[in-house]
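Colleague: The sequence shown maps to residues 1 to 137 in full-length UniProt numbering.
Glycine included, C-beta positions come from ideal geometry on N, C-alpha and C.
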Amino acid sequence: MFRDEDLALLARPLYAFLTVAPRGERWPAPRPVWFEVTDDGDVQMFSVPDAPKLDRLREHPRASVVVAAPSGEPEHWVAVEGSVTLHDQGGAELAARLAERYWDMSDPNHQKLLDEWRIGGVVRIVVHPEVVNRFSA
Numbered sequence: 001m002f003r004d005e006d007l008a009l010l011a012r013p014l015y016a017f018l019t020v021a022p023r024g025e026r027w028p029a030p031r032p033v034w035f036e037v038t039d040d041g042d043v044q045m046f047s048v049p050d051a052p053k054l055d056r057l058r059e060h061p062r063a064s065v066v067v068a069a070p071s072g073e074p075e076h077w078v079a080v081e082g083s084v085t086l087h088d089q090g091g092a093e094l095a096a097r098l099a100e101r102y103w104d105m106s107d108p109n110h111q112k113l114l115d116e117w118r119i120g121g122v123v124r125i126v127v128h129p130e131v132v133n134r135f136s137a
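1. Would you identify the three-state DSSP class for residue 128, choosing helix, strand or coil?
2. Ordered along the chain, which non-local residues of its own chain (more than five positions away) have a Cβ less than 6 Å from that of residue 30?
3. Using DSSP bridges, identify the partner residues of residue 133.
4. Does residue 110 come out as helix, strand or coil in the three-state DSSP assignment?
5. Expressed to the nearest angstrom, what Euclidean distance is found between the alpha-carbon atoms of residue 80 and residue 93?
6. For a test of the three-state rule: what should DSSP assign to residue 18, helix, strand or coil?
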């Protein structure tokens, strides 16, 4: 589903904005997340187990993810909509891999937080794309 130019954007250490179904009378509220595209073309991220977004995803296992080029670059974005699966396995490994992508791991504070995630456990969120929209200037 992804084109080469989509994958080039998605390979960069940019934030994705994950949107899940809202609770009650609230509006949908995108949250910035780290992510990666899997070899199968899914988009995966992780979360601490007590995050409200996981409750929402268990009730409504659908989400959207948007990634955009930063300000100052030509406009380029990719938006994915799809079903979601949650996995207790692989979250710590994903968190470690993404930490290397997004953080300077020589910083002891970053290493400490990563260790806390490993100990406390993290849930791997996998979005299986059903619709991909994009724009590239």
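Modeller: Once the coordinates are examined:
1. Mapped onto the sequence shown, residue 128 falls at position 128. Taken through DSSP and simplified to helix, strand or coil, residue 128 comes out as strand.
2. For this step, residue 30 is matched to residue 30 along the sequence shown. Cβ neighbours of residue 30 beyond the five flanking positions: 17, 19.
3. Counting from 1 along the sequence shown, the entry for residue 133 is found at position 133. Its beta-bridge partners are 79.
4. In the sequence shown, the residue the question calls residue 110 occupies position 110. Note: residue 110 maps to helix in three-state DSSP.
5. The residue you call residue 80 lines up with position 80 of the sequence shown. The residue you call residue 93 lines up with position 93 of the sequence shown. The alpha-carbon atoms of residue 80 and residue 93 are separated by roughly 23 Å.
6. Walking along the sequence shown from the start, residue 18 turns up at place 18. Looking at residue 18 - three-state DSSP - the assignment turns out to be strand.
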